[in-house]
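Inspection log for the structure reproduced underneath, given as structure tokens.
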């Protein structure tokens, strides 16, 4: 299933929640850049990763090296006598190339991505052994983006820990690399992997936000308010297979998704077709869902035919819902009053829902007028 890494990820969750709960719902938020604080793990969905590789390092929690053997871990070294030399400056060019390749492999290993197609960062991909969530870089932004910078830091720390033992150095590395040299390398790996990413059109929230500037000018909606509305934390979850609690097989689920889209049901025709079942958040009102769907459709309509064909997944809207609760509160209009009343009775959810219902939309946002105009168009 589709749609977290270790203590760094949990720490980021807490930082994000505190930031979002403190931020004003108007000009104090700085638009998409403030969204950089959102980690790659906001969508609480079970994930069946397409990859078989479960080599994500579960031991990052205590900073120890990976227990899962990989080609980078087992590529053992021709070391000089004495186990290598301490490097006090830049590595020789050939050794720097070796180290950069090692860091890039580590970046892939930690993110659990082998090829050139990187997943949508809003999809949760979980290690089936450790239940940790693989991080995914946000390629629409650069390496300085808070989410990407956090991944780069995790990669650097992991490589530093691994290379502390000379017997784990890759072949061709003969000097102990300086930590400051290693810390810069994941940024280069990010750029290289970004250039090779073939799944260009998978970023739901970021793509939708690209339309915001044009839309607000036409409809007189406050840009900051709209960007808050389109925060990826509030988007639907998506699943790439049936519910765990059912007896439905993956093949039967795929046929059902195809039938809902009125596509051919022949198994051979479906073999290379990928579906995502959209899971509506149980907490979200129909009005808020309509707003998000409106902008998703606007984004899709803005694509060329070639770009549409390049989208890997067919999204299918069903009656299936997601129990995931966002890490921070949305605007009041987007919350189902019945859901909120019922879930506040749950002692385990009380703290998470503490600020829910405290954020009315700003009077000058233009939202009420926009909703009225949209309802008029539907009627």
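Residue numbers (our numbering): 4 to 382. Every residue gets a Cβ at the ideal spot worked out from N, C-alpha and C, and that includes glycine. Fair warning: this is a prediction, and the values are worked out from it, not measured in the lab.
query, result
"Reduced DSSP category for residue 312 - H, G, I as helix; E, B as strand; rest coil", "helix"
"Beta carbon of residue 146 nearer than 7 Å to that of residue 110", "no"
"CB-CB length for residue 239 against residue 286, believed under 8 Å", "In fact, because the Cβ distance is near 11 Å, the residues do not count as touching under 8 Å."
"CA-to-CA distance, residue 138 to residue 165, given in whole angstroms", "19 Å"
"Neighbourhood of residue 362 by C-beta distance below 8 Å, restricted to the same chain and skipping five residues each side", "28, 332, 333, 334 and 335"
"The region 306-321 in contact with the region 351-366 per 3-pair CB rule at 8 Å", "no"
"Cβ contact (3+ pairs, closer than 8 Å) linking the region 276-291 and the region 316-331", "yes"
"Residue 319 classed as buried or exposed, judged by whether at least 16 other C-beta atoms fall within 10 angstroms", "buried"
"Alpha-carbon to alpha-carbon, residue 180 and residue 243", "42 Å"
"Simplified DSSP state of residue 151, which is helix, strand or coil", "helix"
"Backbone CA spacing between residue 259 and residue 323 [nearest angstrom]", "13 Å"
"Nearest-angstrom beta carbon gap, residue 142 and residue 121 [assumed within contact, 8 Å]", "7 Å"
"Nearest residue (CA-CA) to residue 197, options 171, 169 and 116", "116"
"Other residues of its chain near residue 104: CB distance less than 7 Å, five sequence neighbours each side excluded", "none"
"Residue 225 versus 276, 370 and 315, residue with shortest Cα-Cα distance", "370"
"Residue 290, DSSP secondary structure in three states", "helix"
"Residue burial classification, residue 250 (beta-carbon count within 10 angstroms, cutoff 16)", "exposed"
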